[in-house]
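Below is one structure, written out as structure tokens; the observations come after it.
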Amino acid sequence: MGRTVKTRFAPSPTGHLHVGGARTALFNWLYARKVGGAFLLRIEDTDRARHVEGAVEKIVADLSWLGIDWDEGYRVGGPNEPYEQSKRLDIYSEYVRRLLEAERAYYAFETPAELEMVRKQAEADKRQVRYPRPAATPT
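The letter at position 68 of the sequence shown is residue 68 when you use the numbering used here, and the numbering goes up by one with no holes.
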């Protein structure tokens, strides 16, 4: 039994659609159309600190101007609604709860500055950055 190809574009509404995003959307849309698949538009709007009011509508208008339409997703709907990630936070919270309960995830207590130090040290030592797992429990 064959599977249908589904590609997607998931912009963050942090400003205008840039050429790299337009290229990604176009390539994914063209591939989906070529193989008889579906193209999905999902809005990655969970970064509230960088969210730009009106950016979603501008991105949608730019995609439409480029002739890119979508079969599933923002404003179109589909089987995996909602397609605005900020409206899925309850779903994500439930999965986080399950992962924590199953001990497949853990809380981290490092500050961004501490994690940056780990990254810089790994870079200086020319080794892969690894999360300092022993710090995963509060002291």
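Ideal Cβ positions, reconstructed from N, Cα and C, are used throughout, including at glycine.
Nothing here was measured: the structure is a model prediction, and the numbers come from that model.
Coarse secondary structure for residue i, derived from DSSP in three states
i    : result
K126 : coil
I68  : coil
P138 : The predicted model places P138 with a pLDDT of 47, which falls under 50 and marks its position as unreliable, so this point remains unresolved.
G54  : coil
R119 : helix
E84  : strand
Residue i - containing alpha helix (DSSP H), residue span
i   : result
T7  : Run containing T7: none in the alpha helix (DSSP H); it sits in the beta strand (DSSP E), K6 to F9.
R33 : V19 to K34
V96 : L89 to E101
Distance between beta carbons of residue j and residue i, contact taken as under 8 Å
i   : j   : result
G15 : A55 : 6 Å
I68 : L17 : Between L17 and I68 the Cβ distance is about 10 Å, and since that is not below 8 Å, they are no contact.
W70 : L30 : With 8 Å as the limit, W70 and L30 do not qualify as a contact, their Cβ atoms being about 13 Å apart.
E84 : Y92 : Between Y92 and E84 the Cβ distance is about 13 Å, and since that is not below 8 Å, they are no contact.
Enclosing beta strand (DSSP E) for residue i [first to last residue]
i   : result
D38 : The residue you asked about is not Asp; residue 38 is Ala in the sequence shown. From DSSP, the beta strand (DSSP E) with A38 extends over A38 to L41.
Nearest residue (CA-CA) to residue i, options the options
i    : options                 : result
T7   : N28, T24, G20 and P13   : N28
R88  : P11, T4 and I43         : I43
P132 : M117, D47, A124 and R23 : M117
Inter-stretch contact (C-beta, 8 Å, three-pair minimum) for the region 79–89 and the region 106–114: The region 79–89, when compared against the region 106–114, does not touch it at the 8 Å Cβ threshold.
Three CB pairs or more closer than 8 Å across the region 28–41 and the region 91–105: No: fewer than three Cβ pairs fall under 8 Å.
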